[in-house]
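Numbering of the sequence shown is given in the numbering used here, commencing with residue 19 and proceeding in unit increments. Every residue, glycine too, gets a C-beta built ideally from N, C-alpha and C.
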Amino acid sequence: MLNLIFQAIWFILPAYCANIAPVFFAKALAKYNHPLDFGKSWKGKRIFGDGKTWPGLISGTLVGGLAGFLQSLTLIQPVSSLQLGLLLGFGALTGDFVGSFIKRRIGLARGQSLPLMDQLGFIIFAFLFSLILIPFNWKYFIICLILTPVLHLGTNWIGFKLKLKREPW
Ligand code: CTP
Ligand code: MG
């Protein structure tokens, strides 16, 4: 069981890396932070909002590819690849902006959270995109769906204990 959990995390790792990357790159590339929606609105609300940028999308996808490539060098099962990493990364970022699209439609401002969507959207789309290269693995999918919010709550709780956050969730 523990082995299966490790395999699932190893498989989805490029999506996690891709999801975190934009936070760093968007800051470093602040000059080039062109919003993905070019600042355009639809029915009075931004399509994606200023939180979704081109550097974020590109850096996230490349970081996913790099993660997959580095994984492939280790030969640890399940063996990843540059291509799989790129797909998982691009999928994760697609899930991220689909989530923002939905958040803007229901009237949430940039940065406001939509529980579950914020944490699971990128996982679901990463899996969807990976289907281009590999068969669907139900076990990995279920494990990642359960583990991601748990990891999220865990890190928030640590942040709270370290007094970096005001709430333990
Ligand atoms: N980011 C980016 N491009 C992306 C995704 C994220 O530049 N495609 C950067 C933005 O600076 C963003 C930060 O990463 O503010 C955190 O990402 P996220 O929490 O997904 O965005 P939010 O600002 O919370 O916006 P939203 O409400 O649309 O999710
Ligand atoms: Mg957010």
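{"Query": "Provide the residue span of the alpha helix (DSSP H) that contains Ser148, from first to last.", "Result": "Met135 to Ser148"}
{"Query": "Less than 6 angstroms between C-beta atoms, sequence neighbours within five positions excluded: which residues of the same chain meet that for Leu80?", "Result": "none"}
{"Query": "Between which two residues does the alpha helix (DSSP H) containing Phe24 stretch?", "Result": "Leu20 to Ala46"}
{"Query": "When you measure from the CB of Gln137 to every non-hydrogen atom of ligand 1, does any distance come out below 7 angstroms?", "Result": "no"}
{"Query": "Do three or more CB pairs link the stretch 25-35 to the stretch 43-58 at distances below 8 angstroms?", "Result": "no"}
{"Query": "Leu174 lies in the alpha helix (DSSP H); which residues open and close that run?", "Result": "It should be pointed out that residue 174 corresponds to Asn in this sequence rather than to Leu. Per DSSP, Asn174 belongs to the alpha helix (DSSP H) from Trp156 to Lys179."}
{"Query": "Determine the contact status of Ala26 and Lys157, defining contact as a CB-CB distance below 8 angstroms.", "Result": "yes"}
{"Query": "Any chance the CB of Asp114 is under 7 angstroms from a heavy atom of ligand 1?", "Result": "yes"}
{"Query": "Going by C-alpha distance, which of Leu93, Gln137 and Gln89 is nearest Leu100?", "Result": "Gln89"}
{"Query": "Looking at the strands, I want to know which residues DSSP matches up with Ser59.", "Result": "Arg64"}
{"Query": "For the candidate residues Phe140, Ser118, Gly139 and Ile141, whose alpha-carbon lies nearest to that of Gln130?", "Result": "Ser118"}
{"Query": "Using DSSP bridges, identify the partner residues of Thr71.", "Result": "Pro53"}
{"Query": "With 16 other CB atoms within 10 Å as the buried threshold, where does Ala48 fall?", "Result": "exposed"}
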